[in-house]
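Residue numbers (this note's numbering): 11 to 958. Remarks on the structure that follows.
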Ligand code: SAH
Ligand code: MG
């Protein structure tokens, strides 16, 4: 499939500056130090330096994990930095400019490269290959001064790049690189190659003694014997992935040791992958050159790599190692982090254990980077929504998607943002308004709002394979006020879709396209399947294997918690008094937790993962379900425990860190996980934080007080609170004595209702005065757009900050239903005043440190990301006036927060409707059908106590 954009995108990528390139690869690990160099300008008078004329010059030292370089001097700091970056780029062989070599030219350069690598000058340079030369010159016997072919293939980036030009397949096939280099070496006049037994290369003719002395003039014997841990990935999917130990002594060649572990004849029979871990590591996969592929015949020793499909090698393909590295790996493989670095002559090494391995695997899963970045593998989940930057505790969705693409060796995803003209938005808005109004209600479009509205943005993303074939594209149906939000949200949509796919890798290909379309994703099945073929085949292989043997050695991809299985959380050992501060929807909650492996039979107690502080947004799906269910039943300072079944062994090992060793001795079949946690603090959602920071008493309190005043002034007997939430209004009412006898709350959130029930129950049971006046209190679960005849004809209805949580058409429907069917004598409705937002959002209030880009994105267009709309004063008043006229009520406008007389009016606008007396009688007389769609959640009656 031909696609236009990727070419330009690729070009753009290739003309990137060296500094940007270094940044891409190293991020903050690249350290630039500028040094000022005073230089006198020759003014024609020797010895006379006129200060004014001396210019400052700058030199830049760039320090990277594996090497440092120092630039020449420049008049501008910027140029010095770019120059240093360019030097590093060249040394490291990361190309910044496309080389326009033809394959033939590349071939000639490859042959010529040997005369550079095997020269006196090379010995006095700095290059990771020199470690291999030192070993070679130390060797006695017939391998003296010989370098294994694989070392050149792995450590000289230029050689590698040339091979890729000769054949792009070299990118993913170390064996092909191996064969090219071997061929080229034999064509070069500068080097000799072995004719029998191994793939060794050495210089034709002698080196100068000075060069040799310079090279060997470093003390390596001082290196103690070291043991390092490595991981073996067997060729067969059924074999165990396990750790073992390698031993290196000062004089020994590490490649020999690795070769021995792989039963290869010697170091020259090894093949080495590219770096598979962090860029600054030397983590690579080693395997021995497949025998079938390597044939020697005395004079024409050749490596026959069947480049097309490697059909003969297929059975030898190590699928797991190949998937991990994105290169073709054959036979058993060893993952080890060892090698010579640019910086120092000594050997660099680090342990690799099962945890390292499974974390690398986890980082290939769509949500893997999210879990890893939060260091909460058994707790964190990719959130279902991007609400605000300040609530997103990990790399941004866009960055996560880029990482995912890099991990799978796709091109960087291509985002295209489309700004939607404000006039178009206005037109669409008009249409929508018309559609969502109940028939007959021709509310004029607010012209102010339309003309002031900035353009909105829509974003599309394309994902392309390395061959520039389109794998999939996604264009979200949603539009956003900010470009930034549009990009993050579409990236999250794609990640979410991939996550779903990774959990059902056995899905038949035919089902894929429609599964994708359900999520706004258009995929190209052939290209898609080609890219994920290896993964799918590993997954299927493991599934078969798993059914035979019960350890879920199987996949990290599948092994999450089964939502159907673990839904009900049973809380054990709840501790601590109810502090009355609850994590609510949209709030940031900070907990500490520990996850322990327990067994039903044995006294096993192995700590797998724990954190002193872990903060997450409630209601955005950013943690496993069970944890959220648990936390939402606790208040600050309370702690609890719950258990879950075991996730996959892979995931467990990725989480387990240092204790992976202990785990391998435990039979996991009877084990489960125990989570224990404590709620440390709760940061209320943006809206509440704003309201608290700006108003005293807080706006929410002022609203409630406004309603309570109205209720108590009028000697009312019955009250229904529409959308009562956690019962803040009912709670305040019960603070003092009241004339009310019947109180009712309705909401669709059972969580909120449960909380309301707790609060009201404790108020009522503690206060005997209240017990005398309140005859009944009921909480219903139901939608306030549905009529329930049990709530008909109350003295007062309240609906505080609820309508903006409903779609606009639903809010309008509620207005009609409440005044035509519920018919309260008085109705109080409050909702935010949109015009007040700039005041709230402009001023910064004490928050976490945020950089400027982040700051701009924290301000969502409404006060709360759960708001579906916010109305201007005109919109609200128009709506309420029309409504009152239709249903024969009067209406008055008021508000809290700020002043009604000063622009832009109250922060919260309030309408108070009163039934017109003549209508009241008529309405009461009407014969109503009884309808009871609401479900009683909690009930209090005068004499009896509560029932659930
Ligand atoms: N009135 C409360 C809660 C406001 S938050 C207070 O002032 O504190 C908004 C509430 O409206 C939420 O609890 C939400 O669950 C509820 N809500 C939203 N749509 C609803 C609907 N259709 N029916 C009933 N409640 C609804
Ligand atoms: Mg609200």
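Don't be surprised by glycine CBs; every beta carbon is placed ideally from N, CA and C. These numbers come from a predicted model, not from an experiment.
Pair within 8 Å by beta-carbon distance, residue i and residue j
i           : j           : result
residue 257 : residue 237 : yes
residue 647 : residue 590 : no
residue 376 : residue 425 : no
residue 283 : residue 246 : no
residue 835 : residue 796 : no
residue 501 : residue 408 : yes
residue 380 : residue 660 : no
residue 213 : residue 200 : yes
residue 789 : residue 948 : yes
residue 273 : residue 298 : yes
residue 398 : residue 383 : no
residue 388 : residue 593 : no
residue 190 : residue 292 : no
residue 630 : residue 843 : no
Simplified DSSP assignment, three categories, for residue i
i           : result
residue 375 : coil
residue 533 : strand
residue 950 : strand
residue 731 : strand
residue 649 : strand
residue 284 : strand
residue 37  : helix
residue 26  : coil
residue 87  : helix
residue 500 : helix
residue 655 : coil
residue 352 : coil
residue 584 : strand
residue 916 : coil
residue 491 : coil
residue 845 : helix
residue 18  : Because residue 18 sits at a pLDDT of 39, beneath the cut-off of 50, its placement in the model cannot be relied upon, and the point is left open.
residue 113 : helix
residue 924 : strand
residue 425 : strand
residue 74  : coil
residue 900 : strand
Burial state of residue i, where buried means 16 or more other Cβ atoms lie within 10 Å
i           : result
residue 43  : exposed
residue 952 : exposed
residue 763 : buried
residue 270 : exposed
residue 517 : exposed
residue 816 : buried
residue 134 : exposed
residue 469 : buried
residue 161 : buried
residue 940 : exposed
residue 584 : exposed
residue 504 : buried
residue 472 : buried
residue 254 : exposed
residue 713 : buried
Residues bridged to residue i [DSSP beta-bridge criterion]
i           : result
residue 275 : None, per the DSSP bridge assignment.
residue 257 : 237
residue 357 : 350
residue 430 : 466
residue 788 : 754 and 949
residue 890 : DSSP, once it has assigned bridges, lists no residue as partnering residue 890.
residue 807 : 730 and 837
residue 696 : Residue 696 is not bridged to any residue.
residue 608 : 615 and 682
residue 602 : 688
residue 905 : 919
residue 327 : 340
Closer than 5 Å: residues whose CB approaches a heavy atom of the ligand SAH:
733, 735, 738, 757, 758, 759, 762, 793, 794, 810, 811, 812, 815 and 816
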